[in-house]
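Below you'll find the structure, written out as structure tokens, and then a few comments.
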Amino acid sequence: MHVNKERSSPMNQTIDKSISVMPDAMKEMQQLLQETGDLDNASKMGQLLEKMSSGRMNIAFCGHFSAGKSTLINQLCGHPLLPSSPIPTSANIVSIRNGEPGAHVTHKSKYAVERQKSIGLEELEAYCVNGTDIETVEISYPIAFLGDHTAMLDTPGIDSTDDAHHQSTESALHLADVVFYVMDYNHVQSEVNLAFTKKMKEWGKPLYLVVNMIDKHKEWELPFPQYQEGTRQAFLSWGIEPDGLLFVTMKEPNHSHNEFAKLRWLLSELIQRGDVLRSFSIDASARYLAAEHGKWLAEQNEQQKDDLIEQISQEGDVQGVQEQAEAKAKELAEVRGLPESLTAALRKEVGIIIENANITPALTRDQAHAYLESRKPGFKVGFFSRAAQTAAETEKRLQAFQLDLAEQVEAHLDWHLRDALKKSAQQQGQYDVELTAQIEALKIDVTTEWLASQVNAGAVFGGEYTLNYMKQVSAELKQQYRKQAFAIIDALVASIRERASQEADALAAELETLNVRLGASKELQRLIDAEAAAEAQLLRMASWERPAAPALPAAQQYTAMEEAAAAPLSGELHVSSMGAILEAAAIASAASGTAAAPAEAALAPNAFTSGEHGSAWSARPLI
């Protein structure tokens, strides 16, 4: 009697622990999906919950329209349950279970009384191809190797142009624990196959590829091993590494490369691992549905996001809008503040030039001192000078002082101030004729009359007064230059104020546009973040301990059994040969870490020992 030892393994202890918390968490996930309006994924989550409570394992058969998928399933079932024809045979999900012969269909009606219907097997074909009105077709038939908790799912051809077929296939994959993808020998490397199988691998569930109709192979064109290797490499080049690759034919059961028996053996081995595969699959599907919810939200927001992107930029340039808006706002502030900032900057520059101008060096002070000496009471030229001579000497000294001081003012104030103001006007683009003339006219006439008027007649003339007098003259001159230069600055600023106002208006309009784009950009980012957050929230709800990836049947296990079965036999299977087969099975089973199938099951006659297969599989160790 066969005893399943998997139940006590560490992996199964993890599974049991996960199963105890998964239902409540998945119900919370389903509720969130419903609240957000994602009813399709909410329904799928509900189906996962039903699957968990039922303990049912689903083995899905997907594939290429007209790849012989339905014929293959019929062979596995030992009865033509599914219609086989050159047209797509399944437009909806067809499930096949072990049980009394019969069928049950579910209509896509909102009225419960109209949804359920039992039919006879002879009526199946009409329902199998009706993907518009029929939601599911459930078939039961005595298929012993499926046991009580396993079903095979037949999905529509994925390369069909019928949208109902595509939707039906997509809607079943979350319930599949293992996927077998069936392909026509002549179309294995079609882009449809490669793209679809790549998507299947994203689910993280066991994926087996089945190349059907290998009877079409012509050995003289290409040795079959090379064809097999080429097929493997084609999928690997797409980053697809299946868990198994089988080559079968239903037309020629005795074909030397037919692995139909291996397929039967593989199915039985997978069914024995049902608990592990089912828990792993439900976990993978729940997490995949969380990701699908993010995609669903993205689709719901697609039109709004397209409109926002159009607002952001015709080219869809979403990046840098914040930086552009900030730069434009800074530029606008600078333009609006230009008159004041320019006034302050120029006044500061002019002030520095004036303050640093040394217009009373030592020689000039000496000239001033000589002049002031001539202003002392009682000053005479020689012992017998007349008043006229004294006055002439005073005037002479005053003129010498005035000429020297005027030279200092010209060199240290006039030239530097004019140069600074000219450059500023040029930088602002306001160097016109009128302003130029005003700048060129910047000058204070240092006259002898003015210098004489600055003398305090009642002062005590001497070295100290000379210093005070020069400070007074310098300060007065600098003040006059400051006043005149500031007037030119005001004229310059006034000339650019109107231009700055117009430029500010244009910049404000540009900033307004950028702010609209910025608002659109922020709203777009909010939508994107919300989509990611919704997916992340669902994944946080999936807080149960993730089951480890299941250990799948090892190819060497089947090889050992096949070699034992291929031992020379005469007539009926002898006890010695039976022992060899059982011993090989036990060795291979121990190597793979899985429980061996019951002896009676390993030697049970295949369902295809009669009919078109003859006795081709009678010696195969099948369930």
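By my numbering, the letter at position 610 of the sequence shown is numbered 610, and the numbering carries on one by one without gaps.
Using N, Cα and C, we set each Cβ at its ideal position, and we do this for glycine too.
| Check | Outcome |
| --- | --- |
| When you compare the CB positions of Leu173 and Glu535, do they come within less than 9 Å of one another, or not? | no |
| Report the three-state DSSP secondary structure of His574 (helix, strand or coil). | Note on His574: pLDDT 41, under 50, position unreliable in the model; the coordinate value appears next. Three-state result, His574: coil. |
| Going by C-alpha distance, which of Ala441, Pro206, Arg517 and Ile309 is nearest Ile271? | Pro206 |
| How about Asp283 and Met22: are their beta carbons less than 9 Å apart? | yes |
| What number of angstroms, rounded off, separates the C-alpha of Ala370 from the C-alpha of Gln430? | 46 Å |
| Do you know offhand how far Leu363's Cα is from Asp432's? | 40 Å |
| On the three-state DSSP scale, how would you describe His293? | helix |
| Confirm the yes/no value for this check: CB of Gln525, any heavy atom of the ligand MG, distance under 8 Å. | Looking at this structure, you won't find the ligand MG or any other ligand, since it has none at all. |
| If we ignore side chains and look at the alpha-carbon of each, how far apart do Asn74 and Arg56 end up? | 21 Å |
| Going by beta carbon distance, what residues of the same chain come within less than 6 Å of Ala532, once the five residues before and after it are set aside? | none |
| Between the segment 352-362 and the segment 412-423, do at least 3 Cβ pairs fall closer than 8 Å? | yes |
| Report yes or no: is there a C-beta of chain D within less than 9 Å of the C-beta of Ser279? | Annotation note: the requested chain D is absent from the structure, which comprises a single protein chain. |
| When the Cα atoms are used, what is the spatial distance from Leu33 to Ala67? | 37 Å |
| Helix, strand or coil: which one does DSSP assign to Ala601? | With a pLDDT of 39 at Ala601, under the threshold of 50, the predicted position of this residue should be treated as unreliable, though the coordinate-derived value follows. Reduced to three states, the DSSP call for Ala601 is helix. |
| How many angstroms separate the CA atom of Leu442 from the CA atom of Ser495? | 18 Å |
| Roughly how many angstroms lie between the CA atoms of Gln311 and Ser543, to the nearest whole one? | 40 Å |
| With which residues is Ala103 paired in a DSSP beta bridge? | Ile119 and Ile139 |
| Along the chain, where does the beta strand (DSSP E) that runs through Asn258 open and close? | Segment: none, Asn258 is in no beta strand (DSSP E) and carries neither H nor E. |
| So who's on the other strand from Ser95, going by DSSP bridges? | Glu138 and Leu153 |
| I'd like the span of the beta strand (DSSP E) that includes Tyr208, first residue to last. | Leu207 to Asn212 |
| Taking all protein chains shown into account, do 16 or more other C-beta atoms lie within 10 angstroms of the C-beta of Asn358, making it buried, or fewer, making it exposed? | exposed |
| Just the C-alpha distance for Gly593 and Val182, rounded to the nearest angstrom, thanks. | Annotation note: pLDDT 48 at Gly593 (below 50); position unreliable, coordinate value reported separately. Approximately 28 Å, taken between the alpha carbons. |
| Helix, strand or coil for Val433? Go by DSSP, reduced to three states. | helix |
| Reducing DSSP to helix, strand and coil, say where Ala60 ends up. | strand |
| Apart from the five residues just before and just after Gln47, which ones in its own chain have a Cβ nearer than 8 Å to its Cβ? | His174 and Leu175 |
| Taking 8 Å as the cut-off, does the segment 140-151 touch the segment 92-100 (at least 3 CB pairs, one atom from each stretch)? | yes |
| If we ignore side chains and look at the alpha-carbon of each, how far apart do Gln480 and Leu451 end up? | 14 Å |
| Please give the ranges of any alpha helix (DSSP H) in the segment 297-363, keeping only runs that are unbroken, at least 4 residues long and fully inside the region. | 302-312, 321-336 and 338-356 |
| Does the Cβ-Cβ distance between Ala504 and Leu372 come in under 9 Å? | no |
| Within the continuous beta strand (DSSP E) that includes Leu246, where are the two ends? | Gly244 to Phe247 |
| Is it the case that the Cβ atoms of Tyr141 and Glu202 are separated by a distance below 9 Å? | no |
| Could you compute how far the alpha carbon of Leu514 sits from the alpha carbon of Ile528? | 20 Å |
| For Asp184, which beta-bridge partners are listed by DSSP? | Asn212 |
| By how many angstroms is the C-alpha of Thr394 removed from the C-alpha of Arg375? | 7 Å |
| Taking the alpha helix (DSSP H) that Trp450 falls in, what are its first and last residues? | Thr448 to Ser453 |
| Which word fits Thr249, buried or exposed, when buried means at least 16 other C-beta atoms lie within 10 angstroms of its C-beta? | buried |
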